[in-house]
Amino acid sequence: MSKKKTAKKKTVEKEDAEMPISKGVEKKHLEEFDVTDGKDRDAFEKEIEEIKELEELLGMPQMNPYGTLNKEVFRRRVEDSSASELTDLAARLGLPRERNTQLLKKSLLKSFDFYAIKHNVTVQGQAKPIIDPSSPDYESTVKLFKE
Numbered sequence: 001m002s003k004k005k006t007a008k009k010k011t012v013e014k015e016d017a018e019m020p021i022s023k024g025v026e027k028k029h030l031e032e033f034d035v036t037d038g039k040d041r042d043a044f045e046k047e048i049e050e051i052k053e054l055e056e057l058l059g060m061p062q063m064n065p066y067g068t069l070n071k072e073v074f075r076r077r078v079e080d081s082s083a084s085e086l087t088d089l090a091a092r093l094g095l096p097r098e099r100n101t102q103l104l105k106k107s108l109l110k111s112f113d114f115y116a117i118k119h120n121v122t123v124q125g126q127a128k129p130i131i132d133p134s135s136p137d138y139e140s141t142v143k144l145f146k147e
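As structure tokens, this is what we get:
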């Protein structure tokens, strides 16, 4: 009987394993690319930060069981929380503690919506004019609204 030969594994050195770059193509880092979908993300993030700062100054986390009156702030808080933090929050709010974190997140967000409706919570932003003040019809339109 003949002995079986063991197969030798071929190893590729890491230096040789780099992908070849075609001519004319430079390496670009992902940070250099910007998202161009038409949304003004900086303004939205700034608005959220202003809301957080205002609620912190007003002591909202101590007054409100949810810690905020803004749905987007609460949604981000829920998304960033661990499973144990979510179960603690559910216990404080009187919600059943779900084993599935996705169900727990949904029930927390739904509970926040009910709280906002029940307590008539609306956070108004700054009033933004619909009509451009530099428009030639601005004066007549303002006069119509005042009547």
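Number 147 marks the last residue of the sequence shown (the numbering used here); no jumps.
For each residue, glycine too, the CB sits at the ideal point set by N, CA and C.
All values derive from a computational prediction rather than experimental measurement.
Worksheet item: Just how far apart, CA to CA, sit K146 and S140?
Response: Cα-Cα distance, rounded: 10 Å.
Worksheet item: Distance, Cα to Cα, N100 vs A91?
Response: Taking C-alpha positions only, N100 is separated from A91 by approximately 15 Å.
Item to complete: Leaving out five residues on either side along the sequence, give the residues of the same chain with a beta carbon under 7 Å from the beta carbon of I48.
Response: Shown here for I48: same chain residues with a beta carbon closer than 7 Å to its own, the five before and five after excluded, namely E72 and V73 in chain order.
Discussion item. Does L95 come out as helix, strand or coil in the three-state DSSP assignment?
Written reply: L95 falls in the coil class under three-state DSSP.
Item to complete: Starting from the C-beta of Y138, find all residues in its chain whose C-beta is less than 8 Å away, skip the five residues before and the five after it, and write them out in chain order.
Response: The residues are I131 and D132.
Worksheet item: Where do the N-terminal and C-terminal ends of the alpha helix (DSSP H) with D80 fall, by residue?
Response: Counting along the chain, D80 sits inside the alpha helix (DSSP H) bounded by residues K71 to D80.
Worksheet item: If S82 and L93 are in contact, beta carbons under 8 Å, what's the gap, nearest whole angstrom?
Response: The beta-carbon separation of S82 and L93, rounded to 17 Å, does not stay under the 8 Å limit for a contact.
Item to complete: Just tell me which of K46, K118, A116 and D80 has its CA closest to the CA of K105.
Response: The option with the nearest alpha carbon to K105 is D80.
Worksheet item: Should L144 be counted as a contact of the ligand MN given a C-beta to heavy atom distance under 8 Å?
Response: Within the structure as shown, the ligand MN is missing, as the structure has no ligands at all.
Worksheet item: For the putative contact between L144 and L108, defined by C-beta atoms under 8 Å, what is the C-beta separation to the nearest angstrom?
Response: Distance from L144 to L108 at the Cβ level is roughly 46 Å; contact not present, criterion being Cβ atoms closer than 8 Å.
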